[in-house]
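In this note's numbering, the protein residues as written are 566 to 958.
Here a beta-carbon is modelled for each residue, glycine too, at the ideal position from N, C-alpha and C.
Keep in mind it's a predicted model, so treat the numbers as computed, not measured.
Accompanying notes for the structure given below.
This is the structure in structure tokens:
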């Protein structure tokens, strides 16, 4: 349970605005993805939250008739900020909200997504399905959902290091002695209060095809990735020595069904001291740091292994306790020690990569503003144009 963990894909679709077709599109994707039809429910006996899948779509559709000038139009970001100014009450409303506007002979769509529905990569795939059905009448296939249910689905050599296991066992024992439990209603009230004062500014910029081509060519020469370049640039600009990077793990999981919703990502910290001023030299150092983490499963899967090992109720209370709004020493320690949720000082980058589309002219990824982060970059490249959206406190 953590506020401000919504995000969005905004896209310009190559077809004129059509209300009935938009509504039909939402119904089609809802039939293909059970979680779009789900609310959150709770089983008291085992203190277990679960997706309560209904027969009908729980997605909210918001249609507007004033013309907008593409995804850059201020109204699109204003809509996202309106929708995320309060905490979604998942007992009563779904995890997806779709806003749409006419844009000349095209349609602009904003898909605002709760992190329990999908991660960024899953959101992008869902956006592609929306665009493909809206333009080409290409129906998405039904996908059986299968979440990561246990650590057995992670590599055997990704177990927590000894010291981390000791810390996890310690806070779990503390939690059991405290006999505390955070209700969803108490969390929801806190989250709404938190969001009233948590001011997040969003800025959208673009790297055009010619400039991006130059960056890609130089990265090839330097044997680094564009993601290394983006991280290095952020290190230099902010003078920070630590950046959190999101990583997609679909290709590493046997339990993943292609096209499924849910969260199939992890995150880890890249550390770089004295980044200097040469972005490509810094990118080379970033590249090596990332490579070392990818080659060490215990580091690559550290966050997921922590999630799996911590008592679920303790994990739910970590954010509130770390901000002094829930009385639990165990949850407070977890929020501060494991996830730095007691302060908003971190930097992070989530790059959804690049995609080509005949149905989607342009798109951007508005990243979640985790309470632990001061500044987050959401990056998406569509048809050779890179969009960077910054969420900053």
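Subject >> Assigned exposure category for residue 589 - 16 Cβ within 10 Å defines buried >> reply: As a first step, residue 589 is located in the chain shown; it is residue number 24 there, counting from the start. Exposed is the call here.
Original post:
What is the residue span of the beta strand (DSSP E) that residue 916 lies within?
Top reply: Within the chain shown, the letter at position 351 stands for residue 916. Per DSSP, residue 916 belongs to the beta strand (DSSP E) from 911 to 920.
Original post:
Near residue 574, what residues of its chain come up, given a Cβ to Cβ distance below 7 Å and the 5 sequence neighbours on each side ignored?
Top reply: Mapped onto the chain shown, residue 574 falls at position 9. Here the set comprises 676, 688, 689, 692, 928, 930.
**OP:** On the DSSP bridge assignment, give the partners of residue 606 in chain order.
**Re:** Here residue 606 corresponds to residue number 41 of the chain shown, with the count starting at 1. Beta-bridge pairing links residue 606 to 615.
**OP:** Using a threshold of 8 Å, state whether the C-beta atoms of residue 637 and residue 769 are closer than that.
**Re:** As a first step, residue 637 must be located in the chain shown, where it is residue number 72. As a first step, residue 769 must be located in the chain shown, where it is residue number 204. In this structure, residue 769 lies closer than 8 Å to residue 637 by Cβ.
Original post:
Hey, quick one: how far does the alpha helix (DSSP H) through residue 943 stretch, first residue to last?
Top reply: The count along the chain shown starts at 1 and reaches residue 943 at position 378. That residue, residue 943, is in no alpha helix (DSSP H); its beta strand (DSSP E) goes 938 to 947.
Original post:
Which residues does DSSP pair with residue 679 in a beta bridge?
Top reply: Residue mapping note: residue 679 aligns to position 114 of the chain shown, counting from 1. Paired residues: 571.
Subject >> Beta-carbon proximity list for residue 956, same chain, < 6 Å, skipping 5 on both sides >> reply: For the purposes of this step, residue 956 is identified with residue 391 of the chain shown, where counting begins at 1. Cβ within range, chain order: 765, 767, 932, 934, 941.
**OP:** For the segment 888 to 902 and the segment 738 to 754, state whether three or more C-beta atom pairs, one from each stretch, are separated by less than 8 Å.
**Re:** yes
**OP:** Whole angstroms is fine: what's the gap from residue 899's alpha carbon to residue 566's?
**Re:** Position 334 of the chain shown, counted from the first residue, corresponds to residue 899. Position 1 of the chain shown, counted from the first residue, corresponds to residue 566. Their backbone Cα atoms lie some 13 Å apart in a straight line.
**OP:** Give the single residue among 771, 753, 650 whose Cα lies nearest to the Cα of residue 954.
**Re:** As a working mapping, residue 954 is identified with position 389 in the chain shown. Cα-wise, what sits closest to residue 954 is 771.
**OP:** Count the CB pairs spanning the segment 657 to 672 and the segment 829 to 846 that are closer than 8 Å, and state whether there are at least three.
**Re:** no
Original post:
What first and last residue would you give for the alpha helix (DSSP H) that runs through residue 881?
Top reply: For the purposes of this step, residue 881 is identified with residue 316 of the chain shown, where counting begins at 1. Per DSSP, residue 881 belongs to the alpha helix (DSSP H) from 877 to 887.
**OP:** Please state whether DSSP places residue 890 in a helix, a strand or coil.
**Re:** Here residue 890 refers to the residue found at position 325 when the chain shown is read from its first residue. Correct three-state label for residue 890: coil.
Original post:
Which residues share a DSSP beta bridge with residue 813?
Top reply: In the chain shown, the residue the question calls residue 813 occupies position 248. According to DSSP, residue 813 bridges with 830.
**OP:** Kindly examine the ligand SAH and report whether one of its heavy atoms sits closer than 7 Å to the Cβ of residue 652.
**Re:** In the structure on display, the ligand SAH does not appear, and there are no ligands present to speak of.
Original post:
Taking one C-beta from the segment 717 to 730 and one from the segment 617 to 624 each time, how about it: are there three or more such pairs within less than 8 Å?
Top reply: no
Subject >> Nearest candidate by alpha-carbon position, reference residue 601, set 607, 616, 608 >> reply: Along the chain shown, one-based indexing puts residue 601 at 36. Nearest option by C-alpha distance: 616.
Subject >> Min CB distance residue 753 to chain B below 8 Å >> reply: No chain B appears in the structure shown, which is made up of a single protein chain.
Original post:
Can you tell which of 580, 920, 808, 819 has its C-alpha closest to the C-alpha of residue 710?
Top reply: For the purposes of this step, residue 710 is taken as residue 145 along the chain shown, with counting starting at 1. Nearest option by C-alpha distance: 819.
Original post:
So residue 665 is in the beta strand (DSSP E); what residue range does that whole segment cover?
Top reply: The sequence position of residue 665 within the chain shown is 100, counting from 1. Note, residue 665: beta strand (DSSP E), 661 to 668.
Original post:
Start and end of the beta strand (DSSP E) containing residue 767?
Top reply: Translated into positions along the chain shown, residue 767 becomes position 202. Start and end: 766 to 772.
Original post:
Taking only runs of the beta strand (DSSP E) that begin and end inside the segment 705 to 788, which ones reach a length of at least 3 residues, in chain order?
Top reply: 766 to 772
**OP:** Identify, in the order they occur along the chain, each residue of the same chain with its Cβ nearer than 8 Å to the Cβ of residue 844, setting aside the five sequence neighbours on each side.
**Re:** Your numbering for residue 844 matches position 279 in the chain shown. Correct list, in chain order: 794, 797, 798, 801.
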